[in-house]
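What follows is a set of notes on a single structure, which appears directly below.
Number of protein chains: 2
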Amino acid sequence: MINKLVEKIKKTGAPIVVGLDPTLKFVPEHIKKAAFAEYGETMKGAAEAVWQYNKAIVDAIYDLIPAVKPQIAMYEQFGVEGMIAFQKTAAYCKEKGLVVIGDVKRGDIGSTSEAYAVGHLGQVQVGSTLCRGFDEDFVTVNPYLGSDGVKPFIKVCGEEKKGIFVLVKTSNPSSGEFQDRLIKGTDKKAGEERPLYEIVGEQVAAWGAECMGDSYSYVGAVVGATYPEQGKILRKIMPKAYILVPGYGAQGGKGADLVHFFNEDGLGAIVNSSRGIIAAYQQEQYAGYGAEHFADASRAAVLDMKEDIAQALASRG
Amino acid sequence: MINKLVEKIKKTGAPIVVGLDPTLKFVPEHIKKAAFAEYGETMKGAAEAVWQYNKAIVDAIYDLIPAVKPQIAMYEQFGVEGMIAFQKTAAYCKEKGLVVIGDVKRGDIGSTSEAYAVGHLGQVQVGSTLCRGFDEDFVTVNPYLGSDGVKPFIKVCGEEKKGIFVLVKTSNPSSGEFQDRLIKGTDKKAGEERPLYEIVGEQVAAWGAECMGDSYSYVGAVVGATYPEQGKILRKIMPKAYILVPGYGAQGGKGADLVHFFNEDGLGAIVNSSRGIIAAYQQEQYAGYGAEHFADASRAAVLDMKEDIAQALASRG
Chain A
4 MINKLVEKIK
14 KTGAPIVVGL
24 DPTLKFVPEH
34 IKKAAFAEYG
44 ETMKGAAEAV
54 WQYNKAIVDA
64 IYDLIPAVKP
74 QIAMYEQFGV
84 EGMIAFQKTA
94 AYCKEKGLVV
104 IGDVKRGDIG
114 STSEAYAVGH
124 LGQVQVGSTL
134 CRGFDEDFVT
144 VNPYLGSDGV
154 KPFIKVCGEE
164 KKGIFVLVKT
174 SNPSSGEFQD
184 RLIKGTDKKA
194 GEERPLYEIV
204 GEQVAAWGAE
214 CMGDSYSYVG
224 AVVGATYPEQ
234 GKILRKIMPK
244 AYILVPGYGA
254 QGGKGADLVH
264 FFNEDGLGAI
274 VNSSRGIIAA
284 YQQEQYAGYG
294 AEHFADASRA
304 AVLDMKEDIA
314 QALASRG
Chain B
4 MINKLVEKIK
14 KTGAPIVVGL
24 DPTLKFVPEH
34 IKKAAFAEYG
44 ETMKGAAEAV
54 WQYNKAIVDA
64 IYDLIPAVKP
74 QIAMYEQFGV
84 EGMIAFQKTA
94 AYCKEKGLVV
104 IGDVKRGDIG
114 STSEAYAVGH
124 LGQVQVGSTL
134 CRGFDEDFVT
144 VNPYLGSDGV
154 KPFIKVCGEE
164 KKGIFVLVKT
174 SNPSSGEFQD
184 RLIKGTDKKA
194 GEERPLYEIV
204 GEQVAAWGAE
214 CMGDSYSYVG
224 AVVGATYPEQ
234 GKILRKIMPK
244 AYILVPGYGA
254 QGGKGADLVH
264 FFNEDGLGAI
274 VNSSRGIIAA
284 YQQEQYAGYG
294 AEHFADASRA
304 AVLDMKEDIA
314 QALASRG
């Protein structure tokens, strides 16, 4: 799947993943009205609104981009009905040829991580039958529990040729609270003090070495666009890890900040934008499209983002 | 809800939470057979088996214990059908008067954590209506993203009088890989080096101070029974945090290891056992019950665990 992702990035020329994170305040009124008319102001109504919204956006942009990243929390908030919408969205995007990165940030002790891994990436044994659950192509994984929380995912990645992105340095303002803590020198580099995210990054590189695609590993990393200097260092620590870069656009990351996350060949990173794309019609720049044509606004925003990143990469000299 | 939890622990005399983590290999054949006969070897069949298994165990033990802790991964592995079984289990346990701790280990950037918080503990706005999703009483939270990933949960806890348990030092063998890393002295104690879990523990105490119940905070912590020495230190760092202690029994934690997690008054900790209780009939000690009477075996195992903890607390002098 990492090979497919790289292939699709080359083909589209767009190292972009669109975050399908539909809160109801992004969904245009006419879609909500239709959904609530059919199912009432219920979880089912909310899930229907989200699904219709997603579908229209995907239809408008699927030819431009390699991948989507549905944030499962935005579905999980609507309970079981939301989870149905999550699954429908993931399946629909795959039908459209998109790589689906489930932003689930799971991670637990070994046997429990195994259940998450089979439920999201693999197959679960039911009697003598193998069944597939949410069936994403990649998921994001939280490393706080260490190797035995991450390895069950890697095992399933190996079996299924799928991948993970491990949280290393997240895009949010307080990510430094624990991730930036300076760690006492390890055996490797005694005496030196380095932030926790570097230690996690090294571990990502080690995990990834066990599970390589053609040029990149099935084990990638999440590093926020909001921390370009850290991105530069982490790029070197994890040369074979694809970096999923959130935080572009609405969270404050700019095109010029992104160059450090890429390798020389223009590969190695995929930049996420969520509300910047899916709620483009609510921004001044794209307001002319109007709520009726929200999906066209999303398409325009994808094209602009593609241009912004291409320019930044071209001008890095 | 923390007050209710403390009240129920006092009333039952059992600082015990039973982990409802039903993998199919724990579910007796006769239950699987009936479920598969009705729904086939499908996700729905698996979810039905899990639900019938849970229900029988809860019916057999609900009067003995204050709380249950369903591990959502064990349901999520069965996709949407599994999530329905999770919700049904949580609702049924609440009907029986049990406090429900959703072991979800969620945690994300601010707006996303907010979605998890309303979906699991609070209410979500759909049009002009407020709807409830999974509606647990407590959830577990992963702190790797820092304060802005945790505070949305605390906000909902304040509104709903519910609670969280933040992962501090987890029970698994590799928990030390990042959690035990020695952190360079902070402003508070310059020059001293302390493990990351202590820093997280201090933050738990700080978060918890904003959200107090009668004697304990709505913000608790997870500290594994497998690390009693660390438990001793963390008990002091977070005097007002209830400690959820996994790792007893199957993972290797013993009664005598548990005393450090409790305060002098015998409160302050609640010990989890999962397969030790729910799959008791598969253990030599309770094999006499047979698979038909698996729920009675679970009841016996709860009574033995209660006795084990009571003895350990009595003999600490």
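As they're listed, the protein sequences go chains A and B. The first sequence begins at 4 in our numbering and counts up one residue at a time. The second sequence begins at 4 in our numbering and counts up one residue at a time. Glycine included, C-beta positions come from ideal geometry on N, C-alpha and C. Treat the numbers as computed from the prediction; the structure is a model and nothing was measured.
- Contacts between residue 146 of chain A and chain B, judged by CB atoms closer than 8 angstroms, involve 147, 181 in chain order.
- According to DSSP, residue pairing for residue 134 of chain B in a beta bridge involves B:127.
- Within the region 137 to 193 of chain A, the complete alpha helix (DSSP H) segments at least 4 residues long are 150 to 163, 179 to 182, listed from N- to C-terminus.
- Residue 87 of chain A: member of the alpha helix (DSSP H) spanning 82 to 98, first to last residue.
- Sixteen is the threshold: when 16 or more other Cβ atoms of the shown chains lie within 10 Å of the Cβ of residue 254 of chain B, as they do, the residue is buried.
- Listed in chain order, the positions of the region 215 to 234 of chain B with a beta carbon within less than 7 angstroms of a beta carbon of chain A would be empty, since no residue qualifies.
- By the C-beta criterion, the region 311 to 320 of chain A is judged to be in contact with the region 249 to 263 of chain A, since at least 3 inter-stretch pairs fall below 8 angstroms.
- One Cα belongs to residue 82 of chain A, the other to residue 74 of chain B, and the distance between them is close to 16 angstroms.
- Between the alpha carbons of residue 95 of chain B and residue 80 of chain A lies a gap of roughly 20 angstroms.
- In this chain, the beta strand (DSSP E) harbouring residue 109 of chain A covers 102 to 109.
- Per DSSP, residue 77 of chain B has no beta bridge partner at all.
- The three-state secondary structure of residue 23 of chain B, taken from DSSP, is coil.
- Spatial neighbours of residue 265 of chain A in its own chain (CB-CB distance under 6 angstroms, excluding positions within 5 residues in sequence) are listed in chain order as 271, 272.
- Fewer than three pairs of CB atoms, one per stretch, sit closer than 8 angstroms, so the region 171 to 180 of chain A makes no contact with the region 173 to 184 of chain B.
- Between residue 118 of chain A and residue 68 of chain A, the C-beta gap is not smaller than 7 angstroms, which leaves the two residues out of contact.
- Distance between residue 205 of chain A and residue 169 of chain B, taken at the CA atoms: about 25 angstroms.
- In this structure, the straight-line span from the alpha carbon of residue 202 of chain A to that of residue 275 of chain A is close to 24 angstroms.
- At a Cβ-Cβ threshold of 7 angstroms, residue 52 of chain B and residue 38 of chain B count as neighbours.
- In this structure, the alpha-carbon of residue 243 of chain B lies about 10 angstroms from that of residue 207 of chain B.
- The three-state secondary structure of residue 231 of chain A, taken from DSSP, is helix.
- Taking 8 angstroms as the Cβ-Cβ cut-off, the region 128 to 145 of chain A approaches chain B at 128, 129, 130, 131, 132, 134, 135, 136, 137, 145, given in chain order.
- Leaving aside the five residues that flank residue 164 of chain A on each side, the residues in its chain whose CB is nearer than 6 angstroms to its CB run, in chain order, 4.
- By the criterion of a C-beta distance shorter than 7 angstroms, residue 111 of chain B is surrounded in its chain by 119, 148, 152, once the five residues flanking it on both sides are discounted.
- Our two residues, residue 90 of chain B and residue 138 of chain B, have alpha carbons roughly 8 angstroms apart in a direct line.
- The three-state secondary structure of residue 289 of chain B, taken from DSSP, is helix.
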